[in-house]
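First the structure, in the form of structure tokens, and then the observations on it.
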């Protein structure tokens with residue numbers, strides 16, 4: 061050996077040049093499985109793609125054509141880093157639905173609320189700063205916090221969302237370790253992935269705790285207008301305009317492809333966010349902003365949101381009825397009152413990550429729970445999304461899934477793993493086990 | 066030079082779909098680069114394929130489907146039924162190669178070393194009691210051992226098990242990818258891949274590629290994430306050992322009746338014994354795959370090699 065040495069290659073000449081934060085994230089075999097989910101044979105209960113087919117494409121075409129024809133020179137030009145002033149005024153009509161009143165100057169328009177998440181994190185967090193997230197939490201937020209090398213700490217949830225006592229205790233224990241807590245990230249309404257909603261009383265309590273601890277609340281509210289019963293839940297920001305940074309989005313209420321979201325922040329924060337946004341992208345897309353603005357000005361957007369609600373409620377019902385009828389004993393799930401997702405807990409000892417290849421082979425896909433945690437929790441959980449497949453497909457998907465779970469139970473019983481979940485089989489930290497945004 | 070209509074097939078429904086799509090795009094581009102007058106199309110294997118084939122009848126198909134259907138002979142049987150030429154081994158050879166225990170047994174018959182293995186379907190564990198069966202396997206094979214699905218690639222469902230208490234979870238992981246598992250003695254050594262090309266100049270082995278994964282295991286992440294594995298091509302072997310390794314690749318290609326191209330994965334242990342692990346009839350052609358590195362080390366190009374094979378058929 062070694063008589064003919066040759067230099068090795070790692071097939072990437074820049075591998076030693078990457079920042080540490082870039083090394084924190086990579087793909088995985090599980091993520092690659094979602095490539096199969098895009099095939100029509102597969103019932104995908106995995107991705108969170110809004111059902112944009114519910115829009116009138118003729119009307120959308122008219123809107124887009126008018127923007128180019130009547131405002132083309134502006135639509136195709138750079139715009140303000142803070143976002144179009146007229147759109148910001150219109151956004152206030154939307155946020156009024158969840159009780160948020162502000163001045164257009166308090167708003168910054170972003171490329172989806174995902175960008176706002178990034179801007180807030182880069183503005184607030186140094187490496188090692190603590191960010192509180194729910195348990196589980198939105199994978200896109202975890203990715204942002206991880207990329208800024210934050211110390212992500214999960215805080216317990218129950219069927220009413222974030223648990224105030226757990227929040228108090230976690231603040232105490234983290235502070236006892238001498239760490240600095242910067243943000244509390246929460247999705248109070250129709251949570252992704254848990255599907256739960258904080259009741260009004262709990263929201264007040266959470267706000268009080270955060271305020272007295274001096275922790276900024278980052279409220280992510282993409283689903284707030286997509287409740288199935290009654291009025292939209294009142295946003296946290298509606299009751300505390302100085303302590304809460306509010307993130308909103310048109311991705312679920314109009315179309316995700318437009319990539320228009322926003323943040324509403326206290327004056328000082330907003331100034332920093334605008335500068336950060338200009339450094340990142342100069343300005344949000346003028347074309348997309350003017351399209352949204354034209355849509356809001358000329359289309360019955362409240363009726364369209366109502367129509368989305370009906371679509372999603374029917375699909376939610378199809379999912380819940382199917383789960384009730386078909387899933388093996390010992391399976392539990394949350395009952396979402398809005399939004400896109402239900403959070404499923406498998407019978408004791410089953411590993412949702414290990415089970416996914418079998419599910420994909422049986423032509424059904426879901427997202428394993430481990431992707432929504434940074435600490436290895438979620439082994440026996442999965443997120444089921446009902447927003448995209450039609451009700452019959454959802455029923456067929458759950459039928460296939462129930463057979464997969466039955467098979468997995470049999471294997472677990474055979475090998476005696478049914479009462480001993482394997483943390484080792486979950487995805488290592490940093491390896492993504494969730495689909496990209498283009499997976500249905 | 067005759068203009069041809071070539072169809073590159075990739076995708077499919079296997080867990081290796083993503084890898085296959087990447088291989089397909091790369092090969093199609095490589096063919097277009099070297100044969101700009103050819104019509105090189107790409108297609109997935111779905112309900113639209115048969116009507117396409119019947120209507121367009123390509124001159125040749127390059128099947129780059131990894132995993133079942135692409136490598137188990139089924140698709141190749143179909144192409145033979147339709148009387149359409151394709152690159153790669155025929156259905157019979159593919160079936161033998163894709164089934165790891167069958168391939169291992171045939172290769173072992175030629176005198177090439179194969180790590181001891183046992184093969185068990187899930188039903189055996191269920192009917193006889195998994196603890197007793199696993200204990201017997203552990204006693205026979207010894208630890209560490211390797212658990213893998215009998216069919217499939219990219220190391221999906223593969224675990225190295227060092228302690229008996231980890232065996233049940235390794236079994237569960239492997240059974241997620243198929244109904245039968247292969248439990249094999251773990252061999253420590255230098256991991257090497259030998260690519261064999263059967264083109265216009267005859268059958269020959271390309272320079273072997275030595276694989277040194279950062280994590281110690283050449284798993285899915287190490288295979289397809291640039292920067293996580295160091296490759297040496299040619300492998301850091303003595304001339305004699307390099308020749309032996311190449312001979313093993315050629316023996317595998319021959320005994321399984323393979324055609325056009327194959328890639329055998331072997332281990333060279335500290336005593337210089339070359340151990341056969343598995344063979345691929347549709348080797349990966351992604352940016353980090355082994356065969357393109359071997360082709361490059363031989364001062365060839367993926368496009369020229371495949372075009373040569375297509376033209377020689």
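Protein chains in written order, with this note's numbering: chain E, 61 to 500; chain L, 66 to 378.
The beta-carbon is built from N, C-alpha and C at its ideal position, and this holds for glycine as well.
Predicted, not measured: the structure shown is a model, and the values here were computed from it.
**OP:** Quick one: give me the first and last residue of the alpha helix (DSSP H) that residue 252 of chain E is part of.
**Re:** Neither: residue 252 of chain E is in no alpha helix (DSSP H) and is coded neither H nor E.
Original post:
Name the chain E residues that come within less than 8 Å of residue 295 of chain L, Cβ to Cβ?
Top reply: 68, 69, 70
Original post:
How many angstroms separate the CA atom of residue 361 of chain E from the CA atom of residue 355 of chain E?
Top reply: 8 Å
**OP:** Indicate whether the contact test is met: 3 or more Cβ pairs, each with one atom in the stretch 457 to 468 of chain E and one in the stretch 134 to 146 of chain E, closer than 8 Å.
**Re:** no
Original post:
Which class does residue 306 of chain E belong to by DSSP, given the choice of helix, strand or coil?
Top reply: strand
**OP:** Can you grab the Cα-Cα spacing for the pair residue 461 of chain E / residue 271 of chain E, in whole Å?
**Re:** 44 Å
**OP:** Please list, in chain order, all residues of the same chain as residue 79 of chain L whose beta carbon is under 8 Å from its beta carbon, the five residues on each side excluded.
**Re:** 85, 130, 131, 132, 133, 134, 135, 217
**OP:** Under the assumption that residue 185 of chain L contacts residue 245 of chain L (Cβ atoms under 8 Å), give the Cβ distance between them as a whole number of angstroms.
**Re:** 7 Å
**OP:** Check whether the stretch 337 to 356 of chain E touches the stretch 168 to 177 of chain E, counting contact only when three or more Cβ pairs, one atom from each stretch, lie closer than 8 Å.
**Re:** yes
**OP:** Using a Cβ cut-off of 8 Å (strictly closer), state whether residue 246 of chain L contacts chain E.
**Re:** no
Original post:
Under a Cβ-count criterion, where at least 16 other Cβ atoms within 10 Å of its own Cβ denotes burial, should residue 487 of chain E be classed as buried or exposed?
Top reply: At residue 487 of chain E, the pLDDT of 48 sits below 50, so the modelled position is not reliable and the matter cannot be decided from this model.
Subject >> Whole runs of the alpha helix (DSSP H) within the stretch 69 to 155 of chain L, excluding any shorter than 4 residues >> reply: 82 to 99, 114 to 121, 139 to 146
Original post:
Buried or exposed: which applies to residue 117 of chain E, given that a residue is buried once 16 or more other Cβ atoms fall within 10 Å of its Cβ?
Top reply: exposed
Original post:
Any heavy atom of the ligand NAD within a distance shorter than 7 Å of the CB on residue 293 of chain E?
Top reply: Absence of the ligand NAD is noted for the structure shown, with no ligands found whatsoever.
Original post:
Hey, how far is the Cα of residue 324 of chain E from the Cα of residue 186 of chain E?
Top reply: 22 Å
Subject >> Best match in L:87, L:311, L:242 for proximity to residue 341 of chain L [C-alpha to C-alpha] >> reply: L:311
Original post:
So is residue 185 of chain L in contact with chain E if we call contact Cβ pairs under 8 Å?
Top reply: no
Subject >> Boundaries (first-last residue) of the beta strand (DSSP E) holding residue 321 of chain E >> reply: 321 to 324
Subject >> Min CB distance residue 134 of chain E to chain L below 8 Å >> reply: no
Original post:
Are the C-beta atoms of residue 364 of chain L and some chain E residue less than 8 Å apart?
Top reply: no
Subject >> Buried versus exposed call for residue 83 of chain L [16 or more other C-beta atoms within 10 Å across all chains shown] >> reply: buried
Subject >> Assigned secondary structure, residue 159 of chain E (DSSP; H/G/I helix, E/B strand, else coil) >> reply: coil
Original post:
Within this structure, are the beta carbons of residue 182 of chain L and residue 249 of chain L separated by less than 8 Å?
Top reply: yes
Original post:
If you draw a straight line from the alpha carbon of residue 13 of chain E to that of residue 357 of chain E, how long is it in whole angstroms?
Top reply: Since the displayed chain E opens at 61 and closes at 500, residue 13 of chain E lies outside it and no answer follows.
**OP:** Kindly list, in the order they appear in chain E, the residues whose Cβ is closer than 9 Å to that of residue 78 of chain L.
**Re:** 96, 99, 101, 102, 420, 421, 423
**OP:** Have a look at residue 305 of chain E and residue 249 of chain E and give me their C-alpha separation to the nearest angstrom.
**Re:** 15 Å
**OP:** Starting from residue 131 of chain E, trace the alpha helix (DSSP H) both ways and give me its first and last residue.
**Re:** 117 to 135
Original post:
How is residue 496 of chain E classed by DSSP in three states: helix, strand or coil?
Top reply: coil
Original post:
Are there 16 or more other CB atoms within 10 angstroms of the CB of residue 175 of chain L, so buried, or fewer, so exposed?
Top reply: exposed
**OP:** Report the neighbours of residue 462 of chain E on chain L: residues whose CB is nearer than 7 Å to its CB, in chain order.
**Re:** Chain L residues near residue 462 of chain E: none, gap ~17 Å exceeds 7 Å.
Original post:
Name the chain L residues that come within less than 7 Å of residue 438 of chain E, Cβ to Cβ?
Top reply: None at all; the shortest Cβ gap to chain L is about 17 Å.
Subject >> Any 3 or more C-beta pairs closer than 8 Å across the stretch 177 to 185 of chain E and the stretch 242 to 259 of chain E >> reply: yes
Subject >> Cβ neighbours of residue 62 of chain E in the same chain (closer than 6 Å, five flanking residues each side left out) >> reply: Because the pLDDT at residue 62 of chain E is just 43, under 50, the model does not fix this residue reliably, and the value given afterwards should be weighed accordingly. Closer than 6 Å at the Cβ level, and outside the excluded window around residue 62 of chain E, lies no residue.
Subject >> Sequence-distant residues of its chain with Cβ nearer than 8 Å to residue 174 of chain E (five each side left out) >> reply: 200, 204, 321
Subject >> Proximity below 8 Å, CB of residue 439 of chain E to CB of residue 408 of chain E >> reply: no
Original post:
Bridge partners of residue 425 of chain E, per DSSP?
Top reply: E:104
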